[in-house]
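Residue numbers (the working numbering), protein chains in the order written: chain A, 56 to 520; chain B, 562 to 1094; chain C, 540 to 832; chain D, 228 to 356.
Note that the Cβ used here is the ideal one computed from N, Cα and C, for glycine as well.
Report on the following structure.
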């Protein structure tokens, strides 16, 4: 079992495209399910280290520990769900290429233990994200993709600058080695490096001050793509950002700054969504809000809170995917994603799915989102961060206001169209909601996984060279 | 200690109300109603704060979705936001408690470990949760609209059952879990006065309503105001009084809302101004409503007096004279809306045009059941006392004496329900007999318009039902008018306006062009570089 | 024995009620410089009305209204003890208490209001509405005074309340409370300045509008008994009750004359005025009285 | 050619200064230019400036190019320049070209659909669109 499979198998599938160009949707499902299975089989062999070395400086190191395993499993799961969702819509070459590449990119990002490799996977995932944005091939799509590229190119400039400065000052790129020697760098340069990395990852991880592009991009892309962005892309960058943060032992004041940024992200996003009438933008803002909470929680570098944040990443990813896929169904039917479409259809199952996933997103019991939120709140309270508790609770009300405004449409209005939802889609969406309900009612196993992951993330998993 | 949850309130709410109403429901909402039932179960049988909260929130959202089929969007927004606001306050309190206890299980909570500031903060947060759910004045906006816009049957559930959740929460948190906590007594003092002020203001508001269910909604707020006041005493006998009143109020509101549901089904009308004179079309409903309002007014001869009596004597025992005066004032003012309710619907002249339908027979069952229980409780006022005392005893309070079921005992006196009923019955029958046996014969008028009308004869188009506007003159009384003129809604609307302005400002950031976004990022970089050194 | 006692109480209340009614009409006439009717005028009126050939009714609720009202008055008489000691003339007071009586006092009027409402006459309801609106304010000072008395005695039981006054009656021990209660009492007795409810100059006849014949007779009789019950209540609460029947008559008479004289010289308040007055002056007295307790 | 600088430190400082001037100019272009093509071109310049900065700072006048031939059979830091930056930059250039190509494709498609390629006229996204 090699970690390289997570990168090589998708790439192989891409190279062999000409062989099965008519069955890409099926191949995509098979590929993602295979990767999910592979990820699940890794459970008992953690942590895993994989080194492909020509000579020492040229080594490519992949590491899979508890935290990255959790995310990898999540990513492959979401990829599988999304590809299963697209099964009904037949062959789509552009989607296959872009999404498979995105899978490579995000898996590589969390597996890489080498800053330059991280940069490469950063770029791969970015390029595939640009492609995904442009998938609809209309003015909105291209406009969005161009915006995205401008911001993305800017981000990669700063990431590159940071990496270059690190190599110039200590001559290593392996994360473990950097962690050991980072203290040797002159403090001012240290700060510059951290700042460059922060700008680079922060833009992609959609943190406040750097995230003003996000709503437009979600609006420009398909709803089903939105699920990938929100569940995979931003989370992988966020993970790398905090992985580095913990490894480089940043100062408490810098952690505090990150927490502040997280809180700002949360507040700004929830308030922005309050007036929005474009459902994709609303979901984008809600994603930003959750990222804000996750950032806030992770910034405390506390085992319990980090576990809670990981839990939130998981539950949010599943809930958001369900919501975006359901929205995709609506968008395909109405050719619009304005929030009024929620009042224009009648499909009890779909409405139920949207309502329940929305409740989980809001952190309302008995869904898994509640467990995550409760853990975050109790974690914050046990660190005596009562201000943060109050903030999260207060601003969650704003979140509730706009989410429930969407849901209200279900029981209101007249002249609704009956919307046909295929049984396969029902099965898929139902599975996601069951997942949320199941982990909401029996959160213990998932919480334990998250705790183990948080411990490994905070423990600073140096890989001996 | 903790099988408390499984006793009175659970039995009461499950056994009595929901099961009576459930068979009546439209099929498509059945799942949601079952969820609501389930959430109550979770709430009552919880053994940890997390489970309690799950029940609390499920109750909120399942009722929201039931409500959503009939209410306006603004009402729904208000409903869910107030409810979630309360729920999040509860969540804040739970998080705070966890910060000190490290566990959410009931058995692990020891409030004596809490420093005073934390205990007070928790108490305040819990107050918010309790007050929102109970519709304490200022936080009551959601109650009235949702009661009046729900389907008639769901109004009954909302008022009879869900409105009591706040009381349950208070008892569980303050009297069971946080009993040892060093809560500032001033907080309870404020709570007591808030409760009674709520009941006074709500009573006046109720009197000036023109819609039946809005009147009853304000009445519910007022009744729960008493319960809040009495609970704030934090005494065993007060707890029993509060629980007794909860029981009575549940019965009354079930009866009244079902009665009104019947009327709405018959006439398709909601306002007093469009109703009137129903007594001779629906005499049984009239009698049931009369039983309801007499109990609601707290008069002897029906169960409503029992709990009022316990409340008053509890306040007397604590020597809270002014508080008691205010409660009695509010209670006396309630006569006005009680009469308005019965007059506006059943008495006076019947408006011309209306066509009548038939009320579903199934609506009668809960009404008859409640009415029968109210009469039974009047006869045997101590019947539920033993049951109520169980809770108090579990919490370490002395039980009330219920050796004679006819007599309701309290430290400030007692009364004999049977004697009251008997005396009234004998007097009533004797006087009725006297009247019947009189030489004089009663002659029924042929035309209902044959009334003394300043020497004139009113015509059919003359508006003779203007009595429905009773209570309007309260607007002319200097110290009541401001209460009726001002609405806390203005405050909340302004708050939401501020939020949406802020929202517009922030969301404009998210529509910036890519260049501006990069410029901002660069600025952030520069600022941090210069400032962060 | 008890039954005999009860009948005696009713008889006393009935007799003295009509006697006082006649006296009231006489006394107020003298104050106004008129002669007034004979003492028995009201009583003979009621008998005359009762034996009339026909009385109009609007339906069964209209019929029951006066019956409920009269039952309420009877209950009031039975649940207030006439004497502060001994076994006789105690009625059913041991089965009730002050709070019960305070609420029983509203029961009758409510039953009557139902009857009035069912007649469909808007003026009747106007009177009822005025009465209820005035009641808001009327009860408040009385309740405050009653609360003071109950807290002072430590019980709501009439016997204990009267016993507690054996050294000094509440009238002198708590003059402010008494003043508050007395002003309310004027209203309860339907005296000026609080008599807007049934005033013919204001409302076309008020709550009694449609009642005629035997119904009106029943209403008159219960009104007489009810007035006596109210006097009784005041005597018991603030004047230590009565040791024997003679004392009872004397005390109620004094109270009655005072109320009549005051009522005869005051102009009438409108509904709004009476509510505002009652909430300001007597309520304030009551609150101060409670604070001094 | 750079022998005139004598020591590497001076050379590196000069290169750093020059590169950041170019970088600044490029960023200026990114932020100010309205034509989409110019903007992406500016990004390329900025990248190039970074490449120069990185490679230039690893250049040492006395050392050889890290190419294995004529007796050089292994990487020896004492003899040759650190080879890693060069490998990195090569990779980065490839990525940069790929991104640029993609960007220009999008710009062309966008131009075909809307008839303009000015960033200040892009208004297809936002509330109520």
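For the region 609 to 625 of chain C, which residues have a CB atom closer than 7 Å to at least one CB atom of chain B, in sequence order? 609, 610, 613, 614 and 617
Helix or strand or just coil, what does DSSP make of residue 544 of chain C? Translated into positions along the third chain, residue 544 of chain C becomes position 5. Note: residue 544 of chain C maps to helix in three-state DSSP.
Per-residue contacts from residue 209 of chain A into chain D (C-beta, under 8 Å): As a working note, residue 209 of chain A is residue 154 in the first chain. Those within 8 Å of residue 209 of chain A in chain D are 257 and 270.
Can you say whether residue 617 of chain B is buried or exposed, counting buried as having 16 or more other CB atoms within 10 angstroms of its CB? The residue given as residue 617 of chain B occupies position 56 in the second chain. Burial call: buried.
The region 857 to 887 of chain B: positions lying closer than 8 Å to chain E by Cβ: Of the chains in the structure shown, none is chain E; the protein chains are A, B, C and D.
Chain-ordered chain B contacts of residue 335 of chain D [CB-CB under 7 Å]: Taking the first residue of the fourth chain as 1, we reach residue 335 of chain D at position 108. Residues of chain B whose Cβ lies closer than 7 Å to the Cβ of residue 335 of chain D do not exist; the shortest such Cβ separation is about 18 Å.
How should residue 298 of chain A be labelled, buried or exposed, when 16 other C-beta atoms within 10 angstroms of its C-beta is the threshold for buried? Along the first chain, read from residue 1 onward, the residue named residue 298 of chain A stands at position 243. Buried, by the Cβ-count rule.
List, in order along the chain, the chain A residues whose C-beta lies closer than 7 Å to that of residue 264 of chain D? Within the fourth chain, numbered from 1, the residue matching residue 264 of chain D stands at position 37. In chain order: nothing, as chain A lies at least about 11 Å away.
For residue 352 of chain D and chain B, any beta-carbon pair shorter than 9 Å? Against the fourth chain, residue 352 of chain D aligns to sequence position 125. Closer than 9 Å to some Cβ of chain B, the Cβ of residue 352 of chain D qualifies, so yes.
Tell me the start and end of each unbroken alpha helix (DSSP H) in the region 326 to 367 of chain A that is at least 4 residues and wholly inside, in chain order. 334 to 353
Going along chain B, which residues have a C-beta under 8 Å from residue 254 of chain D? Working through the fourth chain from its first residue, we reach residue 254 of chain D at position 27. 1083, listed in chain order.
Leaving aside the five residues before and after residue 803 of chain C along the sequence, list all residues of the same chain whose C-beta is less than 6 Å from its C-beta, in chain order. For the purposes of this step, residue 803 of chain C is identified with residue 264 of the third chain, where counting begins at 1. 567 and 570.
Quick check: the region 153 to 160 of chain A against the region 61 to 76 of chain A, are there 3 or more CB pairs under 8 Å? Yes, they touch.
Do you know how far the Cα of residue 339 of chain A is from the Cα of residue 324 of chain A? Within the first chain, the letter at position 269 stands for residue 324 of chain A. Within the first chain, the letter at position 284 stands for residue 339 of chain A. Computed Cα separation, rounded: 9 Å.
Can you look up residue 419 of chain A in the DSSP assignment and give me helix, strand or coil? Reading the first chain from its first residue, position 364 is the one you call residue 419 of chain A. Coil, per DSSP.
Considering Cα atoms alone, identify which of A:433, A:385, A:456 and A:84 is closest to residue 652 of chain B. Counting from 1 along the second chain, the entry for residue 652 of chain B is found at position 91. The shortest Cα separation from residue 652 of chain B among A:433, A:385, A:456 and A:84 belongs to A:433.
Expressed to the nearest angstrom, what Euclidean distance is found between the alpha-carbon atoms of residue 317 of chain D and residue 117 of chain A? Within the fourth chain, residue 317 of chain D is the residue found at index 90, counting from 1. Within the first chain, residue 117 of chain A is the residue found at index 62, counting from 1. The alpha-carbon atoms of residue 317 of chain D and residue 117 of chain A are separated by roughly 22 Å.
How big is the Cα-Cα spacing for residue 656 of chain B and residue 436 of chain A? To locate residue 656 of chain B, count along the second chain from 1; it is residue 95. To locate residue 436 of chain A, count along the first chain from 1; it is residue 381. C-alpha separation (whole angstroms): 6 Å.
Buried or exposed for residue 480 of chain A, going by 16 or more other Cβ atoms inside 10 Å? As a working mapping, residue 480 of chain A is identified with position 425 in the first chain. That one is buried.
Please state whether the Cβ-Cβ distance between residue 262 of chain D and residue 345 of chain D is less than 9 Å. Along the fourth chain, read from residue 1 onward, the residue named residue 262 of chain D stands at position 35. Along the fourth chain, read from residue 1 onward, the residue named residue 345 of chain D stands at position 118. Taking 9 Å as the cut-off, the Cβ atoms of residue 262 of chain D and residue 345 of chain D count as close.
Alpha carbon to alpha carbon, how far is residue 708 of chain B from residue 670 of chain B? Translated into positions along the second chain, residue 708 of chain B becomes position 147. Translated into positions along the second chain, residue 670 of chain B becomes position 109. Between residue 708 of chain B and residue 670 of chain B, the alpha-carbon positions lie close to 36 Å from each other.
Can you round the beta-carbon distance between residue 794 of chain C and residue 719 of chain C to whole angstroms, since I take them to be within the 8 Å contact cut? Sequence index remark: in the third chain, residue 794 of chain C carries index 255 (1-based). Sequence index remark: in the third chain, residue 719 of chain C carries index 180 (1-based). Residue 794 of chain C to residue 719 of chain C, Cβ: 15 Å. No contact.
Residue 229 of chain A in three-state terms, based on DSSP: Translated into positions along the first chain, residue 229 of chain A becomes position 174. DSSP places residue 229 of chain A in strand when its eight states are reduced to three.
Could you tell me whether the Cβ of residue 786 of chain B comes closer than 9 Å to any Cβ of chain C? Indexing the second chain from 1 puts residue 786 of chain B at position 225. No, because no Cβ of chain C sits closer than 9 Å to the Cβ of residue 786 of chain B.
Skipping 5 residues on each side, what residues in its chain have a beta carbon closer than 7 Å to that of residue 95 of chain A? The residue given as residue 95 of chain A occupies position 40 in the first chain. Excluding sequence neighbours, residue 95 of chain A sits near 128.
For residue 257 of chain D, which residues of its own chain have a beta-carbon under 8 Å away from its beta-carbon, when the five flanking residues on both sides are left out? The residue given as residue 257 of chain D occupies position 30 in the fourth chain. Excluding positions up to five away in sequence, the list reads 266, 269, 270 and 273.
Output the distance between the C-alpha atoms of residue 670 of chain C and residue 820 of chain C, rounded to the nearest integer angstrom. Counting from one through the third chain, the residue named residue 670 of chain C turns up at place 131. Counting from one through the third chain, the residue named residue 820 of chain C turns up at place 281. Residue 670 of chain C and residue 820 of chain C: Cα-Cα distance of roughly 19 Å.
Closer than 9 Å by beta-carbon distance: list the chain B residues that pair up with residue 696 of chain C, in chain order. As a first step, residue 696 of chain C must be located in the third chain, where it is residue number 157. By Cβ distance, chain B contributes 973, 974 and 975.
Continuous alpha helix (DSSP H) stretch holding residue 710 of chain B: start and end: Translated into the one-based positions of the second chain, residue 710 of chain B becomes position 149. From DSSP, the alpha helix (DSSP H) with residue 710 of chain B extends over 702 to 710.
Going along the chain, which residues of the region 308 to 333 of chain A sit with their C-beta nearer than 7 Å to a C-beta in chain D? Only 331, 332 and 333 from the region 308 to 333 of chain A bring a Cβ to less than 7 Å from some Cβ of chain D.
Just the C-alpha distance for residue 555 of chain C and residue 704 of chain B, rounded to the nearest angstrom, thanks. What you label residue 555 of chain C is simply residue 16 of the third chain in a count that begins at 1. What you label residue 704 of chain B is simply residue 143 of the second chain in a count that begins at 1. One C-alpha to the other measures close to 51 Å.
Return the first residue and the last residue of the beta strand (DSSP E) that residue 1002 of chain B is part of. Here the question's residue 1002 of chain B lines up with position 441 in the second chain. That run of the beta strand (DSSP E) goes 1002 to 1005.
I'd like the ranges of any alpha helix (DSSP H) spanning at least 4 consecutive residues and lying wholly in the region 735 to 772 of chain B. 746 to 768
Delimiting residues of the alpha helix (DSSP H) encompassing residue 636 of chain B: Position 75 of the second chain, counting from 1, holds the residue named residue 636 of chain B. 634 to 662 is the span of the alpha helix (DSSP H), which, as asked, contains residue 636 of chain B.
Scan the region 58 to 143 of chain A and note each continuous alpha helix (DSSP H) run of 4 residues or more that stays entirely inside, going in chain order. 60 to 70, 79 to 96 and 121 to 141
Does the region 1055 to 1074 of chain B come within contact of the region 748 to 755 of chain C, defined as at least 3 CB pairs closer than 8 Å? no
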